[in-house]
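S.K.:
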Amino acid sequence: MMDIDDTKAPLLDHLVELRGRLLKCVWALFLTGAVCFYFSDKLFALLVHPLKEAFGDAGGRLVYTKLYEAFFVQVKIAIFGAFFLSFPIIANQLWAFVAPGLYAKEKKALLPFLVMTPVLFVMGASLAYFVVMPTAFHFFLQFQGNSSGLSVEALPSAGDYLTLVMQFILAFGISFLMPVLLMLLNRAGFVTRAQLISLRRYMIVAAFILAAVLTPPDVVSQLMLAIPLLLLYEITIIAIWFTDRRKAQEEATESASA
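Those letters in the sequence shown? Residues 148 to 405, per our numbering, in order.
(1) Report the start-end ranges of each beta strand (DSSP E) in the region 233-312 that is 3 residues or longer and not cut off at the edges.
(2) Hey, quick one: how far does the alpha helix (DSSP H) through TYR215 stretch, first residue to last?
(3) Thinking ALA225 and PHE184 are a contact (beta carbons under 8 angstroms), I'd like their distance in whole angstroms, please.
(4) State the DSSP-derived secondary structure class of VAL338, mapped to helix, strand or coil.
(5) Using CA coordinates, which residue listed in ARG348, MET371, TYR349 is at the minimum distance from ALA359?
(6) Whole alpha helix (DSSP H) runs in the region 313-362 with 4 or more residues, listed along the chain?
(7) Round the Cβ separation of ILE236 and ALA175 to the nearest angstrom and send it over; I've been treating them as touching at under 8 angstroms.
(8) Starting from GLY180 and walking both ways along the alpha helix (DSSP H), at which residues does that stretch end?
(9) Where do the N-terminal and C-terminal ends of the alpha helix (DSSP H) with ARG393 fall, by residue?
(10) Using the three-state DSSP reduction, which class does ALA229 fall into: helix, strand or coil?
(11) Can you name the residues that DSSP bridges to VAL210?
Written out as structure tokens, the structure reads:
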């Protein structure tokens, strides 16, 4: 019983610390969400830009078919933007909570992955915004014109368009985190470079299945996600080769010094 009583205080201290850090994360989400809601019109104009460029000089229109749709579009933009803006704060709070329980070697190993996570996500989101969405929208808008004497015109709703944009950005951003996941699994000893090489043929199939699930049902978008995923897979294999080589050199140096 004395041993149990002695362990209560540290556990309560950790819970109190966790509660404080979660509150900071919630406040960060709330404040950044309020800022994004205030500038939601400008943020929506930024998200609409690829569609505007796809429409070209002829111009286009966004409509909303429900009375409350325009308001909830602003709310979605605020929530979407809040996660982006508050991520550094949330990641910092998570690291500050976990770091004291790690050894110096473990901190040194995990910190690069924590840094590369937002970098890779932004790379994937940028590819979606600057390359994939304009290309896909140009492809979709080619079906406008006349059919049997009737005018066929694209009239996307604001809510559906925002959902499509969020789907593109999240799909590409999260998919680009694959190297971080594979490198962590390799560091933890769950997978080896040889296993990743042997699974290459299955990865090709998995990349196209994932692209078909995460992107709209058109070949252009699916190829633009599947091909970068396969390239990232090969880059990860090369990166693991470098890390394994450096680890072997460090172990050889330690054994020689001992």
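Think of the CB as a built atom: it goes at the ideal place given N, C-alpha and C, for glycine as much as any other residue.
M.R.: Reading off the structure:
(1) At a cut-off of 3 residues, the continuous stretches assigned as beta strand (DSSP E) that sit fully inside the region 233-312 are 292-294, 297-299.
(2) Taking the first residue of the sequence shown as position 1, residue 215 is located at position 68. Under the DSSP assignment, TYR215 falls outside any alpha helix (DSSP H); it carries neither an H nor an E label.
(3) Here residue 225 refers to the residue found at position 78 when the sequence shown is read from its first residue. Here residue 184 refers to the residue found at position 37 when the sequence shown is read from its first residue. About 4 angstroms separates the two Cβ atoms, so the contact holds.
(4) Within the sequence shown, the letter at position 191 stands for residue 338. Coil at VAL338, not helix or strand.
(5) Here residue 359 refers to the residue found at position 212 of the sequence shown. Closest option to ALA359, Cα to Cα, is MET371.
(6) 325-335, 340-345, 347-361
(7) Position 89 of the sequence shown, counted from the start, is the residue given in the question as residue 236. Position 28 of the sequence shown, counted from the start, is the residue given in the question as residue 175. Rounded, the Cβ-Cβ distance is 4 angstroms, consistent with contact.
(8) In the sequence shown, counting from the first residue as 1, residue 180 sits at position 33. Unbroken alpha helix (DSSP H) run through GLY180: 149-185.
(9) For the purposes of this step, residue 393 is taken as the residue at position 246 of the sequence shown. Looking at the DSSP string, the run of the alpha helix (DSSP H) that includes ARG393 is 366-404.
(10) Counting from 1 along the sequence shown, the entry for residue 229 is found at position 82. Helix.
(11) Stepping through the sequence shown from its first residue, residue 210 is reached at position 63. Its beta-bridge partners are SER304.
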